[in-house]
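Everything on this sheet refers to the single structure shown next.
Numbering (the numbering used here), first residue to last: 205 to 730.
Listed below in structure tokens is the structure:
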């Protein structure tokens with residue numbers, strides 16, 4: 205098997221991989237896994253494709269190797285976010301309570317499966333039964349209760365006598381008497397009212413604590429992935445359930461995989477100053493964001509090291525699955541040299557990935573399809589594949605919303621066309637739903653948070669970079685971007701930043717004024 209064939213066979217999604225393959229192909233970056241594997245409660249942020257699932261499943265496997273129990277729950281499999289949970293005609297309290305019951309049920313079922321799979325844990329079954337009993341309660345409220353009593357009786361008896369004589373005289377006689385008694389008593393209870401559900405937080409937490417204390421290692425890791433599929437209005441209730449039932453339990457650790465702008469962990473309660481849900485940073489430790497670890501514009505050397513190891517581990521796993529090997533698999537450097545024509549091609553691949561492993565693998569697969577069987581991947585292969593992937597996957601998702609499509613075109617015109625730059629700055633704390641759509645579609649990428657400039661005192665900004673696919677076709681033309689964004693050096697001369705820092709002499713030219721886009725929409729509407 206040649207290298208290009210192996211690139212085509214690399215698995216694209218972590219949730220479909222075998223645990224052993226996930227362990228072999230996991231690549232740590234910076235201190236990510238050291239931070240993630242602490243016993244603190246944490247939220248792991250990252251857009252789709254950044255590797256949240258891979259990291260969380262790898263954590264679960266490492267925990268199990270240490271003899272501890274890890275329960276991994278994919279929230280996409282809980283109930284139906286498009287059914288009862290998303291049905292606004294159903295009262296919020298009912299939808300929230302059903303979500304809590306379904307989530308707790310999934311956790312309970314996973315623990316039962318573990319207890320049944322190993323005789324070491326069979327003693328846990330009675331505790332799991334007790335946990336299920338106290339976790340949920342069903343009651344009928346809002347109506348009266350009626351009773352109906354019906355009774356009937358019938359008596360029956362049956363007796364028979366017969367005699368017969370044979371030759372020479374024929375005689376036959378029969379005497380029958382019948383009496384029948386049937387006694388039937390029916391009691392029917394009629395309940396009228398609305399069935400409601402209740403989760404007993406205190407009792408559930410107490411039983412969970414008893415269960416964790418009985419574990420051989422006294423440790424339970426609860427990993428909830430795909431948090432953001434839960435409707436936003438229900439998320440604070442689920443977070444509150446976890447805060448009251450899981451966080452107080454000594455020996456229990458909670459990890460949540462989520463998309464930042466699609467997550468809502470707390471909401472105000474009816475009591476002034478109080479809230480429902482989790483307070484990130486207070487109830488949990490510092491959150492992790494995969495974008496902070498892997499975006500090439502943020503730290504090029506770290507991003508290159510990560511994707512070099514990712515390529516090596518995935519290709520090595522493909523050859524191992526086929527029972528084959530390859531001379532290029534001596535180490536990551538020899539593989540890169542054998543797979544790419546030059547370092548520029550590899551560098552372009554890393555930049556095109558924009559910190560998203562799933563995009564990196566898909567671009568590599570597209571490039572391998574364009575190359576001949578034994579041909580190494582060139583700059584042109586990578587750039588053509590990046591443009592193709594952008595047009596097929598990212599651009600359609602971003603432009604499904606008409607106004608988001610207009611904003612993207614306006615940003616490209618303002619930033620690339622007007623400023624010859626690849627990035628822009630937006631004020632921290634000011635969210636825009638269309639920016640969120642473009643960010644979620646991976647046509648915008650956050651490469652630095654909290655940037656400040658001397659000409660905008662007291663205000664900090666986030667740096668957003670346009671996707672590689674937005675401008676790859678402009679390379680080697682007069683319209684190609686000159687750098688990340690424009691700033692000034694100490695002499696006041698305009699220069700382009702390549703790796704964003706925290707402070708600049710001047711950043712005013714790099715700030716994107718979205719109010720101008722709003723006026724553009726109003727003008728168009730008029």
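Ideal placement from N, C-alpha and C gives every residue a C-beta, glycine not left out.
Residue i versus residue j - alpha carbon distance
i           : j           : result
residue 557 : residue 326 : 47 Å
residue 654 : residue 632 : 7 Å
residue 468 : residue 293 : 21 Å
residue 256 : residue 442 : 20 Å
residue 416 : residue 423 : 6 Å
residue 705 : residue 666 : 11 Å
residue 486 : residue 718 : 33 Å
residue 553 : residue 528 : 26 Å
residue 587 : residue 264 : 37 Å
residue 349 : residue 336 : The predicted model places residue 349 with a pLDDT of 42, which falls under 50 and marks its position as unreliable; any figure quoted below should be read in that light. One C-alpha to the other measures close to 27 Å.
residue 473 : residue 722 : 34 Å
residue 580 : residue 311 : 48 Å
residue 732 : residue 613 : In this structure the chain extends from 205 to 730, so residue 732 is not present and cannot be described.
residue 252 : residue 644 : 8 Å
residue 562 : residue 515 : 12 Å
residue 323 : residue 314 : 16 Å
residue 536 : residue 646 : 27 Å
residue 720 : residue 276 : 46 Å
residue 624 : residue 600 : 25 Å
residue 358 : residue 413 : Annotation note: pLDDT 48 at residue 358 (below 50); position unreliable, coordinate value reported separately. Near 58 Å, if we compare the C-alpha coordinates of residue 413 and residue 358.
residue 285 : residue 462 : Note that residue 285 scores 48 on pLDDT, short of 50, meaning its location in the model is unreliable; the coordinates nonetheless yield the value given after this. C-alpha separation (whole angstroms): 15 Å.
residue 270 : residue 304 : 30 Å
Cβ-based neighbour list, residue i, same chain, cut-off 8 Å, excluding 5 preceding and 5 following
i           : result
residue 212 : 569, 572 and 573
residue 518 : 214, 215, 229 and 565
residue 627 : 501, 619, 651, 667, 668, 669, 670, 688, 689, 704 and 714
residue 418 : 327, 328 and 331
residue 491 : 246, 247, 248, 249, 484 and 485
residue 591 : 673, 676 and 677
Residue nearest to residue i in terms of C-alpha spacing, selected from the options
i           : options               : result
residue 648 : 598, 537 and 311      : 598
residue 559 : 590, 551, 495 and 542 : 495
residue 702 : 505, 453 and 424      : 505
residue 544 : 303, 246, 583 and 708 : 583
residue 447 : 461, 408, 436 and 419 : 408
residue 266 : 479, 242 and 321      : 242
residue 454 : 592, 624 and 421      : 421
residue 466 : 622, 478, 437 and 483 : 437
residue 694 : 313, 680, 240 and 657 : 657
residue 508 : 522, 548 and 727      : 548
residue 258 : 271, 280 and 225      : 225
residue 254 : 236, 405 and 546      : 236
residue 450 : 427, 683 and 679      : 427
Test item: CB-CB of residue i and residue j under 7 Å
i           : j           : result
residue 429 : residue 638 : no
residue 555 : residue 689 : no
residue 282 : residue 244 : no
residue 715 : residue 629 : yes
residue 669 : residue 642 : no
residue 512 : residue 475 : no
residue 274 : residue 425 : yes
residue 687 : residue 708 : no
residue 206 : residue 464 : no
residue 585 : residue 576 : no
residue 233 : residue 510 : yes
Opening and closing residue of the alpha helix (DSSP H) in which residue i lies
i           : result
residue 459 : Element bounds for residue 459: not the alpha helix (DSSP H) but the beta strand (DSSP E), 456 to 462.
residue 538 : 536 to 543
residue 267 : 256 to 269
residue 640 : 637 to 644
residue 519 : 504 to 525
residue 580 : No alpha helix (DSSP H) holds residue 580; DSSP gives it neither H nor E.
residue 405 : 405 to 418
residue 211 : 207 to 212
Close beta carbons around residue i, own chain, < 6 Å, minus the five adjacent residues each side
i           : result
residue 659 : 710 and 712
residue 278 : 429 and 430
residue 209 : none
residue 457 : 243 and 425
residue 334 : 411
residue 640 : 465
residue 300 : 438 and 441
For residue i, the first and last residue of its enclosing beta strand (DSSP E)
i           : result
residue 666 : 660 to 670
residue 246 : 246 to 249
residue 323 : First-last for residue 323: undefined, no H or E at that position.
residue 465 : Here residue 465 belongs to no beta strand (DSSP E), and DSSP marks it neither H nor E.
residue 273 : 273 to 278
Nonlocal neighbours in the same chain, by C-beta distance under 7 Å from residue i, ignoring five residues either side
i           : result
residue 440 : 468, 469, 470, 471, 480 and 481
residue 698 : 690 and 692
residue 489 : 244, 245 and 246
residue 733 : Residue 733 lies beyond the range of the chain shown here (205 to 730); nothing can be said about it.
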